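Colleague: Dropping a structure here in structure tokens format, bear with me for questions.
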Amino acid sequence: MNLPDLAEFMTWPWEKIAPYYDELRKATLTADSVKGWLADWSRLGEYLHETASRLHVAVTVDTTDEEAHQRFEAFIEGVLPEARKAEQALAKKLVESGLEPEGFCVPLRNMRAEIELFREENLPLQVEEEKLRNAYNQVVGAQTVEWHYKEYTVSQMRPFLQEPDRTVREEAWRLMTERQLRDRGPLTRIWQQMLDLRQQMAANADKPDYRAFRWQQMGRFDYTPDDCRAFHKAIEEVVVPAAAAVLEKRRQRLGLDRLRPWDLNVDPAGRPPLRPFRNVEELKEKSEAIFHHVDPQLGAYYHTMREENLLDLENRKGKAPGGYCTAFPVSKRPFIFMNAVGVHDDVQTMFHESGHAFHVFESLALPYLYHQGNVPMEFAEVASMSMELLASPYLTHDFGGFYTPHEAARARIEHLERSLLFWPYMAVVDAFQHWVYEHPEEAHDPAECDRIWGGLWDRFMPVTDWRGLEDAKVSGWMRKLHIFQYPFYYVEYGLAQLGAVQVWANALEDQQAAVAAYRKALALGGTVTLPELYAAAGAKFAMDAATLRKAVDLMMRVIEELETVAEGGAKGLGLGVQS
Numbered sequence: 021m022n023l024p025d026l027a028e029f030m031t032w033p034w035e036k037i038a039p040y041y042d043e044l045r046k047a048t049l050t051a052d053s054v055k056g057w058l059a060d061w062s063r064l065g066e067y068l069h070e071t072a073s074r075l076h077v078a079v080t081v082d083t084t085d086e087e088a089h090q091r092f093e094a095f096i097e098g099v100l101p102e103a104r105k106a107e108q109a110l111a112k113k114l115v116e117s118g119l120e121p122e123g124f125c126v127p128l129r130n131m132r133a134e135i136e137l138f139r140e141e142n143l144p145l146q147v148e149e150e151k152l153r154n155a156y157n158q159v160v161g162a163q164t165v166e167w168h169y170k171e172y173t174v175s176q177m178r179p180f181l182q183e184p185d186r187t188v189r190e191e192a193w194r195l196m197t198e199r200q201l202r203d204r205g206p207l208t209r210i211w212q213q214m215l216d217l218r219q220q221m222a223a224n225a226d227k228p229d230y231r232a233f234r235w236q237q238m239g240r241f242d243y244t245p246d247d248c249r250a251f252h253k254a255i256e257e258v259v260v261p262a263a264a265a266v267l268e269k270r271r272q273r274l275g276l277d278r279l280r281p282w283d284l285n286v287d288p289a290g291r292p293p294l295r296p297f298r299n300v301e302e303l304k305e306k307s308e309a310i311f312h313h314v315d316p317q318l319g320a321y322y323h324t325m326r327e328e329n330l331l332d333l334e335n336r337k338g339k340a341p342g343g344y345c346t347a348f349p350v351s352k353r354p355f356i357f358m359n360a361v362g363v364h365d366d367v368q369t370m371f372h373e374s375g376h377a378f379h380v381f382e383s384l385a386l387p388y389l390y391h392q393g394n395v396p397m398e399f400a401e402v403a404s405m406s407m408e409l410l411a412s413p414y415l416t417h418d419f420g421g422f423y424t425p426h427e428a429a430r431a432r433i434e435h436l437e438r439s440l441l442f443w444p445y446m447a448v449v450d451a452f453q454h455w456v457y458e459h460p461e462e463a464h465d466p467a468e469c470d471r472i473w474g475g476l477w478d479r480f481m482p483v484t485d486w487r488g489l490e491d492a493k494v495s496g497w498m499r500k501l502h503i504f505q506y507p508f509y510y511v512e513y514g515l516a517q518l519g520a521v522q523v524w525a526n527a528l529e530d531q532q533a534a535v536a537a538y539r540k541a542l543a544l545g546g547t548v549t550l551p552e553l554y555a556a557a558g559a560k561f562a563m564d565a566a567t568l569r570k571a572v573d574l575m576m577r578v579i580e581e582l583e584t585v586a587e588g589g590a591k592g593l594g595l596g597v598q599s
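Quick note: the sequence shown uses our numbering, first residue 21, plus one each step.
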């Protein structure tokens, strides 16, 4: 198949792309021809994937670029729906042929599920949903406040929540929250339209509700909604008491009667916020040094990204919120987007998104990348979250990193504590979405959503005092991007964090072997099942209290040991480095 230069392909309307799909659809499939046919299909799919990725990058790096928005909308309206129909025809052709090429068992399972779910009448609805996602980004991306006579984005205000002066923290928190609350009207309208679209998609596909539709769409073959409820219960039993102990210790160290929302990010010992880097160049340079210590090949991957300008890291006005890594499969490169403002959070985000990027690099050798590189999110997040932990022993200046030993220990404590606190928050987000799509009519009413979110918050996040701040507390669901943009995509983080802690536990015993297993698992792409991917990485795919307790016990023990270093009571390289 002779495809043009990618830059030219990106300008093509569907009419120019369609003949390539027609050629594949008309081809005769035999045991001898299927490999070449799949290679051609994969190549064409990679062209489409990279086009979509690059157009999406363009609208997120500058939400005010009208031309970029027009190109993106032209693609998602004019090309993507037609391509999805053509893809379905090819998938059906392969499934009906009865042929099963080597390494294609899992992709075929996914194709069968997609064929069963596919309805042509959902294509325009998916276009509308994408437009609503874009509208959400534009609303949130435009949120700015005036702070001491200067304009800041809400993201740029985050460092002020780490200030030792409690008055400054409270003022910053209230200013940010009040600005976010002003957008309840437009966000409610977007939310209601999204709910209607999603319910209609489920009905069109003959599914009882959107959750059943989304479960199949996301390829969740290895666990059920009931398993998720069991996971929530395990978190309530095991993690909530540990998280409460962490927060109670924080309250005592801060010398407060009550812990308020603006007290959660400040250093409890009253030390000034960590300032790991002065600019994004320093963030890149030090991250690269750390990755070289984790594994020389991973360091080399990151160096390539720096050299080829595949990192857009600084926060600025008009940039979409959040952070992501996307793949450019034709160029055989990943791209990282984030909003760095100079806090330790940015270092963790850099490690996290780089884990995704390393996953892209490691899976490039798969023969049918478009199909075999489709990794379940529950494992994709193991790649990213494991990297946060695997990189953590190398944070000090000794390794070319960001911190003194005391500062590095403090950063690691913050990371581990926040990881512990994440599980209960994840349970709130996930349980909320189960309720939403079990009760879509009630979820249409933002007041009902507030009531449910508030109740879940009280169940899983009981320590922080929100008296007088109820509006901000119960409307937290509106500030959670995933609930709007990626429904049901959140439990993956909780599952993956449990996998990542197991990978890290292995690294504490043998760093080299643990990283080798990690890389081997990444290289498998999506060619084996979810439990098999976890096993390849040296972990167990689990949602039970016993596995969770083992992970929590390790995290609490390491926090306790690191505290002696952070407080100056011990010297050395820090835990987890093999000398």
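By construction, the Cβ of each residue, glycine as well, lies at the ideal position given by its N, Cα and C atoms. Here the structure is a predicted model, which is why all the values come from computation and not from measurement.
1. Output needed for VAL77: all residues of its chain with C-beta closer than 8 Å, excluding positions within five of it in sequence on either side, in chain order.
2. For HIS168, count neighbouring C-beta atoms within 10 Å of its own C-beta (all shown protein chains included) and say buried if the count is 16 or more, exposed if not.
3. Could you check if GLY592 is buried or exposed, using at least 16 other CB atoms within 10 Å of its CB as the buried criterion?
4. Please go through the same chain and pick out, in chain order, the residues whose beta-carbon is closer than 7 Å to the beta-carbon of TYR457, but skip the five residues on each side of it.
5. How far does the alpha helix (DSSP H) with VAL361 in it extend, from its first residue to its last?
6. Given a cut-off of 7 Å on the beta-carbon distance, is the pair GLN368 and THR547 in contact?
7. Hey, could you find the ends of the beta strand (DSSP E) TYR344 is sitting in?
8. Going by other Cβ atoms of all chains shown within 10 Å of its Cβ, with 16 needed for buried, is PRO482 buried or exposed?
9. Give the C-beta separation of PRO349 and GLU70 to the nearest angstrom, bearing in mind that I take them to be a contact with Cβ-Cβ under 8 Å.
10. Kindly indicate which three-state DSSP category GLU35 falls into: helix, strand or coil?
11. When the distance is taken between beta carbons, is PHE92 closer than 7 Å to VAL79?
12. Does the structure place the segment 463 to 481 close enough to the segment 437 to 451 that three or more beta carbon pairs sit under 8 Å?
13. Let me make sure I understand the geometry here. Which of SER404, GLU373, VAL395 and LEU23 has the alpha-carbon closest to that of MET325?
14. Check each candidate in LEU58, SER73, TYR538 and VAL99 and name the one with the smallest Cα separation from LYS36.
15. Can you name the start and end residues of the beta strand (DSSP E) that LYS170 belongs to?
16. What residue from THR197, LYS113 and TYR67 has the CA that sits closest to TRP486's CA?
17. Nearest chain C C-beta to ALA411 closer than 7 Å, yes or no?
18. Taking just the CA atoms, how far does ALA451 sit from THR567?
19. Tell me where the beta strand (DSSP E) around ASP332 begins and ends.
20. Are the CB atoms of LEU501 and GLY342 within a distance shorter than 7 Å?
21. Touching or not, the segment 256 to 267 and the segment 453 to 470, by the rule of three or more beta carbon pairs under 8 Å?
22. With DSSP as the reference, identify every bridge partner of THR50, one or two as the case may be.
23. Once you ignore the five residues that flank ALA429 on each side, which residues in its own chain have a CB closer than 7 Å to its CB?
24. Span of the beta strand (DSSP E) holding GLU166?
25. Nearest-angstrom Cα distance between GLY65 and PRO425?
26. Below 7 Å CB to CB, which residues in the same chain sit around THR84 once its five sequence neighbours on both sides are set aside?
27. Alpha carbon to alpha carbon, what distance is there between ALA557 and TYR538?
28. With distances taken Cα to Cα, identify the nearest neighbour of ALA72 among LEU58, PRO101 and PHE371.
29. Just how far apart, CA to CA, sit PRO33 and GLU97?
30. Report the three-state DSSP secondary structure of ARG132 (helix, strand or coil).
31. For PRO551, collect the residues of the same chain with a Cβ closer than 7 Å to its Cβ; drop the 5 residues on either side in sequence, then sort them by chain order.
32. When the Cα of VAL300 is compared with those of VAL147, PHE508 and ALA360, which residue comes out closest?
33. Quick check on ARG91: does DSSP put it in helix, strand or coil?
34. With 16 other CB atoms within 10 Å as the buried threshold, where does GLY589 fall?
35. Taking the C-alpha atoms as reference points, what is the distance between GLU150 and VAL115?
36. Give the straight-line distance between the Cα atoms of LEU389 and ALA555, rounded to the nearest whole angstrom.
Modeller: For this structure:
1. In the sequence shown, counting from the first residue as 1, residue 77 sits at position 57. Listed in chain order, the non-local C-beta contacts of VAL77 below 8 Å within the same chain comprise ASP332, THR346, PHE355 and PHE357, local neighbours out to five positions each way being set aside.
2. Counted from its first residue, the sequence shown places residue 168 at position 148. By the neighbour-count definition (other C-beta atoms within 10 Å, threshold 16), HIS168 is an exposed residue.
3. Counting from 1 along the sequence shown, the entry for residue 592 is found at position 572. Its pLDDT being 36, under 50, GLY592 is placed unreliably in this model, and the value from its coordinates should be taken loosely. Exposed.
4. The sequence position of residue 457 within the sequence shown is 437, counting from 1. Contacts found: ASP229, TYR230 and ARG231.
5. Locating residue 361 in the sequence shown gives position 341, counting from the first residue. Unbroken run through VAL361: none, as it is neither H nor E.
6. As a working note, residue 368 is residue 348 in the sequence shown. As a working note, residue 547 is residue 527 in the sequence shown. The Cβ atoms of GLN368 and THR547 do not sit closer than 7 Å to each other.
7. On the sequence shown, position 324 is the one that residue 344 refers to. Here the beta strand (DSSP E) through TYR344 covers 344 to 348.
8. Taking the first residue of the sequence shown as 1, we reach residue 482 at position 462. Sixteen is the threshold: since fewer than 16 other Cβ atoms of the shown chains lie within 10 Å of the Cβ of PRO482, the residue is exposed.
9. Translated into positions along the sequence shown, residue 349 becomes position 329. Translated into positions along the sequence shown, residue 70 becomes position 50. The beta-carbon distance between PRO349 and GLU70, rounded to whole angstroms, is 6 Å. This is short enough to meet the 8 Å contact definition.
10. As a working mapping, residue 35 is identified with position 15 in the sequence shown. In this structure, GLU35 counts as helix in the three-state DSSP scheme.
11. Position 59 of the sequence shown, counted from the first residue, corresponds to residue 79. Position 72 of the sequence shown, counted from the first residue, corresponds to residue 92. Yes. Within cutoff.
12. Contact between the segment 437 to 451 and the segment 463 to 481 is present, because at least three Cβ pairs lie under 8 Å.
13. On the sequence shown, position 305 is the one that residue 325 refers to. Comparing Cα positions, the closest option is GLU373.
14. As a working note, residue 36 is residue 16 in the sequence shown. Nearest Cα to LYS36 within the set LEU58, SER73, TYR538 and VAL99: VAL99.
15. As a working mapping, residue 170 is identified with position 150 in the sequence shown. Secondary structure note for LYS170: its beta strand (DSSP E) is the uninterrupted segment 170 to 173.
16. By 1-based counting over the sequence shown, the position of residue 486 is 466. For TRP486, the nearest C-alpha among the options comes from THR197.
17. This model lacks chain C altogether; it includes just one protein chain.
18. Locating residue 567 in the sequence shown gives position 547, where the first residue counts as 1. Locating residue 451 in the sequence shown gives position 431, where the first residue counts as 1. Separation of THR567 and ALA451 (C-alpha to C-alpha, rounded to the nearest whole angstrom) is 21 Å.
19. Counting from 1 along the sequence shown, the entry for residue 332 is found at position 312. Residue range 331 to 334 is occupied by the beta strand (DSSP E) that includes ASP332.
20. Taking the sequence shown and counting its residues from 1, one reaches residue 342 at position 322. Taking the sequence shown and counting its residues from 1, one reaches residue 501 at position 481. Between GLY342 and LEU501, the gap from beta carbon to beta carbon is short of 7 Å.
21. With the cut-off at 8 Å, the segment 256 to 267 and the segment 453 to 470 do not touch.
22. As a first step, residue 50 is located in the sequence shown; it is residue number 30 there, counting from the start. Beta-bridge pairing links THR50 to no other residue.
23. Here residue 429 refers to the residue found at position 409 of the sequence shown. If we look at ALA429 and ignore the five residues flanking it on each side, its Cβ neighbours are LEU582, VAL585, ALA586 and GLY594.
24. For the purposes of this step, residue 166 is taken as residue 146 along the sequence shown, with counting starting at 1. Where GLU166 is concerned, the enclosing beta strand (DSSP E) starts and stops at 164 to 167.
25. Stepping through the sequence shown from its first residue, residue 65 is reached at position 45. Stepping through the sequence shown from its first residue, residue 425 is reached at position 405. One C-alpha to the other measures close to 47 Å.
26. Indexing the sequence shown from 1 puts residue 84 at position 64. So the qualifying residues of the chain are GLY338.
27. Taking the sequence shown and counting its residues from 1, one reaches residue 538 at position 518. Taking the sequence shown and counting its residues from 1, one reaches residue 557 at position 537. In this structure, the straight-line span from the alpha carbon of TYR538 to that of ALA557 is close to 5 Å.
28. Here residue 72 corresponds to residue number 52 of the sequence shown, with the count starting at 1. Each of LEU58, PRO101 and PHE371 was checked against the Cα of ALA72, and the nearest Cα belongs to PRO101.
29. Walking along the sequence shown from the start, residue 33 turns up at place 13. Walking along the sequence shown from the start, residue 97 turns up at place 77. Just so you know, the alpha carbons of PRO33 and GLU97 end up roughly 10 Å apart.
30. The sequence position of residue 132 within the sequence shown is 112, counting from 1. The three-state secondary structure of ARG132, taken from DSSP, is helix.
31. Here the question's residue 551 lines up with position 531 in the sequence shown. If we look at PRO551 and ignore the five residues flanking it on each side, its Cβ neighbours are ASP242 and PHE561.
32. For the purposes of this step, residue 300 is taken as residue 280 along the sequence shown, with counting starting at 1. Of the residues VAL147, PHE508 and ALA360, the one whose Cα lies closest to the Cα of VAL300 is ALA360.
33. Here residue 91 is taken as the residue at index 71 of the sequence shown, counted from 1. Three-state DSSP puts ARG91 in a helix.
34. If you number the sequence shown from 1, residue 589 lands on position 569. A caution first: GLY589 carries a pLDDT of 42, below 50, which makes its placement in the model too unreliable to give a value.
35. For the purposes of this step, residue 150 is taken as residue 130 along the sequence shown, with counting starting at 1. For the purposes of this step, residue 115 is taken as residue 95 along the sequence shown, with counting starting at 1. Our two residues, GLU150 and VAL115, have alpha carbons roughly 29 Å apart in a direct line.
36. Taking the sequence shown and counting its residues from 1, the one referred to as residue 389 is at position 369. Taking the sequence shown and counting its residues from 1, the one referred to as residue 555 is at position 535. Taking the straight line from one Cα to the other gives about 22 Å.
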